[in-house]
Every structure is written in structure tokens, then in C-alpha cells.
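Following the working numbering, the numbering of the sequence shown begins with 10 at its first residue and continues without gaps.
The C-beta atom is built at its ideal place from N, Cα and C for all residues, glycine as well.
This report refers to the structure that appears directly beneath it.
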Amino acid sequence: MKALFLAAAWLVIAPGRLLAQVPELAPDSARGVREALARDPFGARLDENTPISVGDRVVAPGEVISGAAVTARGDLIVSGSVGRDAIAVGGDVIVRQGGVIGGDAVAVDGRVRLEGGTVRGETRTIGGPLGLTPATATQRSALSAMWHQLLLALGWLAILAAIGVVVVLFARTNLEGVADAIERNFGRAFVVGVGAELAVLPALLMLIVVLLLIPIVGWALLPFAVIGFLVAIAGALALGFLAMAQVTGEALMRRAQRGVGGLERVVFVGLVAYMSLWIVAALLAWSGPAGGVMRIIALLLTWVAATVGFGATLVSRGGAGEPTRTSIPLTRTAELEWQTPTPVVGVAAARRPTPAPRSGIDS
């Protein structure tokens, strides 16, 4: 009986002894971890007397640690009591039944797992490098944002250029018809475009309501009708924006006539003109206010171009409508132009000499 009691006591005390034998991190590495945590604006503050273990660390049931418990390259399993923070660098913080953490539970490159325990402070997970200073973090974030916005702008340029090639090849007449509508009446196209944009959502809701009121057939057609409506709106916006890019490209290239293959170049130049605004805004993302102002300018000009193109697409019925031309009144001279090889208009024709009447002939 006495032997059993001693065995049970050893099982209770053994975890603490084993914990005491957990290898600690090398002094230089421990100093680096403390400095990194100190640079983290939300990190824990560790004093020099706080040991940092290596590998998995277990705070056994009944064990009390008055300070912080820190381990590196392993999990921190808390089944006892930790007075301050519990930190695992490169592992998880696991708080099991009966475990209590008086401060924060912080897992760097891991996660905090609550399995019945209690954390009186905050539970935080830090992904990526530990201890970035605020200045370094801001620079890396700005650089990442700049690359993200730059790749996004270049991606949209590639997509629109591909759509433009398809439209030029298969819908050239429609594209030029919409571009002519923009050139004839820019203001009208803008007003119609604004009104159409405001009417898109009410029109979609009305379509949904009408189809819902039609039993069976309307319900079956509802998804197809909604998808078709959205595809039609997207197509009109794309066609209008490409037509606006054509008009802009023509203005930039100063070309009045387009040869074979010239329209593709004109549309591409216009697309580059608009997307270059977004590229410049992406390159200025690190500068803060300047990047924000450039994004606003790019957004405003792109919206105006898309709105004008959308309105021109509706006005010209997708570029299929015949352009209105100024009628020239038909005169008598114009009617007779085809009857004589000598032009009636322009240089005056020489008058043919008429022979004098003969005398001595009886009338």
C-alpha cells in the first residue's frame, strides 16, 4: 500500500521535475526573441529572468508559474496556472481543462486553442515574422499594396485589350457606331448614361418581381433572365468603354483615317491612356495622400468614360442605329449633273458659237 502511495505521488511530482529539465533557448536566441517581442507594439514584455524553453512545454495540473511561460519551436500546453502571459513562438498555445492564464495567450506562427481552459487577457495569433517595427511594417504593407494595385491595373489592361480585339474583329460596325454617337453628342451620351446607371437596379428588381408573379414559367426563367440582364449590362458597358477608348485613341494619335488593322492600335492606345492613370496611382500607393488623390482622379475619369460609353451604346442601339447626317437640298443643277460630261458646277463651261442666220432665204 505504501508503495502504491509513493508511486502516485511520483506521478504527480514528476511532470514538474521533467519541466525543470526542459532545455532552454540559447542566450543569444532568447535575447533576440525578447527584443522582437519588445518591438511588437502589441507584444508582451519579458524581463531577463523569464526563461524561454525549446520544444514543447507543459504546465502540468497543479503547477503554478507566477511569471510568464514562453517556449520556442514547440507547443505550450497549459493545464496548470500561469500568472502572466503564455507565449509560443513557432507553435500553438493549448489551454486545457483547469488551465488558467492570467495574462495574454500569444501564438506566433501558430494558433491559440482553448480546450476548456481560461485566458483572462487576450488571445492573439501573429502570422509571419515576429517583432516588425511599425515603420518596417508600414513600408512592407505599402510595397505589397503597390504591387497588388499594379498587377490589378495591368491585368485589367490585358483583359480589356483582349476584349477589344474580339470586338474589333466581330463587331467593328457596332464599335464605330457607338464611337460616332460619342463624337456627335458627348453631353447627351453622358446624361443618358447617368440615367441608365441609376435605373439598372430598379429595372433588375422589377424584372425579378414580374417573373416571381408568373407561376412556374416565371420561376423557371428567373435565373436565366437575371443572368441575361447582367450580361447585357456588362456587354453594353464594355462596348461603350471600348468606343470611348477609340475616341480617346484617335484624339491622341491625331488620325482621321484608319487603315487595315489601325482600329486595333487606336483602341489599345485609348485603353493604355485610361489604365495608365491606375498604374500611376499604384506606383504612388506608398506616398499616402498623393496616391489617394491619383486614385480618385483615375476613378473619376474612368467613371466618366464608362458612363459616356454606356449612354452612347443605348442611344445608338448598340451601334446598329444609322448616324444622322445633315441633309443637303437637291437643286435643279444637282439633278442635271449626271446628264452631261461637262460639270455644271465649278468652272463655267465655254459657250459654243452660234452661226449667224443666212440672208436671202425666204421665210
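The continuous alpha helix (DSSP H) containing residue 306 extends over residues 298–324.
Residue 158 sits buried, since 16 or more C-beta atoms from the chains shown fall within 10 Å of its C-beta. With a beta-carbon spacing of about 14 Å, residue 170 and residue 287 fall beyond the 8 Å limit used to define contacts. The Cβ atoms of residue 97 and residue 116 sit closer than 7 Å to each other. For the 7 Å CB-CB criterion, residue 198 and residue 321 form a contact.
The bridge partners DSSP lists for residue 259 come to none.
Of the candidates 249, 239 and 295, 295 places its Cα closest to the Cα of residue 152.
Taking C-beta separations shorter than 8 Å and ignoring five residues to either side along the sequence, the partners of residue 181 in its chain run 272, following chain order. Taking 7 Å as the cut-off, the beta carbon of residue 252 is found closer than this to the beta carbon of residue 184. Here the C-alpha atom of residue 82 lies approximately 22 Å from the C-alpha atom of residue 90.
According to the DSSP secondary-structure assignment, residue 125 is paired through a beta bridge with 105. The continuous beta strand (DSSP E) containing residue 134 extends over residues 132–135. In the DSSP secondary-structure assignment, residue 33 is bridged to 62. Counting C-beta pairs with one atom in each stretch, the segment 226–240 and the segment 300–309 have fewer than three that are closer than 8 Å, which means they do not touch. If you check the CB distance, residue 87 and residue 104 come in under 7 Å. Around the beta carbon of residue 259, a 10 Å sphere encloses 16 or more other beta carbons of the protein chains shown; the residue is thus reported as buried. Bounds of the beta strand (DSSP E) holding residue 86 are 85–87. If you draw a straight line from the Cα of residue 195 to the Cα of residue 262, it comes to about 20 Å. Residue nearest to residue 106 within the set 84, 70 and 236 is 70 (criterion: CA-CA distance). Contact check for residue 187 and residue 279: beta-carbon distance about 13 Å, past the 8 Å limit, so the pair fails to qualify.
In the three-state reduction of the DSSP assignment, residue 110 falls in the strand class, which pools E and B. DSSP, reduced to helix, strand and coil, places residue 97 within a strand of the structure shown. In the structure shown, the three-state DSSP call for residue 81 is strand. Rounded to whole angstroms, the separation of the alpha carbons of residue 239 and residue 44 is 55 Å.
Contact between residue 123 and residue 100 does not hold, since their C-beta atoms are separated by about 16 Å, which reaches or exceeds 8 Å. At least 7 Å separates the beta-carbon of residue 108 from that of residue 93. Within the same chain, and ignoring the five residues on either side of residue 300 in sequence, the residues whose Cβ sits closer than 7 Å to its Cβ are 290, 293 and 294. At least 7 Å separates the beta-carbon of residue 114 from that of residue 134.
In its chain, beyond the 5 residues on either side, 109 have a beta carbon closer than 6 Å to the beta carbon of residue 127.
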